[in-house]
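Counting in numbering that gives the first Met the number 0, the sequence shown runs from 0 upward without gaps. Built from N, CA and C at the ideal position, the CB exists for glycine as well.
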Amino acid sequence: MIAPTFDYAVLKTLTEAVSLLNQNPEAKLLAGGHSLIPLMRFRLAAPALLIDLNRLSGLEYIREEAGRAEPGGGDAGGDCAEHPGRDGAGKAAGGGGAAG
């Protein structure tokens with residue numbers, strides 16, 4: 000099936016994304032690693048606006064917190080998997096990250 004019509008926003012800053020989301024509380028965020036697009040194709044989800052977070056600056060980081068890697072929202076899972084702060088279970092802080 001074909002997804003219903005929607006608006007698509009690609010922003011450069013987190014401030015712009017938050018502002019647009021505040022103006023459009025029903026909008027959905029795209030950052031990869033989820034199943035929103037297939038749901039839209041089957042018309043199980045029909046957001047009027049998609050906000051793409053993939054190009055936002057400032058979200059690509061890995062911080063050391065209590066001896067563990069804590070990835071930012073724009074960090075690729077592979078980067079976190081290679082980080083020396085990754086715990087023995089192959090998880091980053093918060094239970095996410097790539098299994099190793």
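beta-carbon E59 near the ligand ATP non-hydrogen atom, thresh 8 angstroms: Ligands displayed in this structure: none; no statement on the ligand ATP is therefore possible.
Of the residues L49, A2, E15, E69, the one placed nearest G31, counting alpha carbons only: L49
Touching by the beta-carbon criterion (3+ pairs, under 8 angstroms), the segment 55 to 64 and the segment 36 to 45: no
CB of L28 within 9 angstroms of CB of A16, strictly: yes
Between the CA atoms of P3 and Q22 - distance to the nearest angstrom: 21 angstroms
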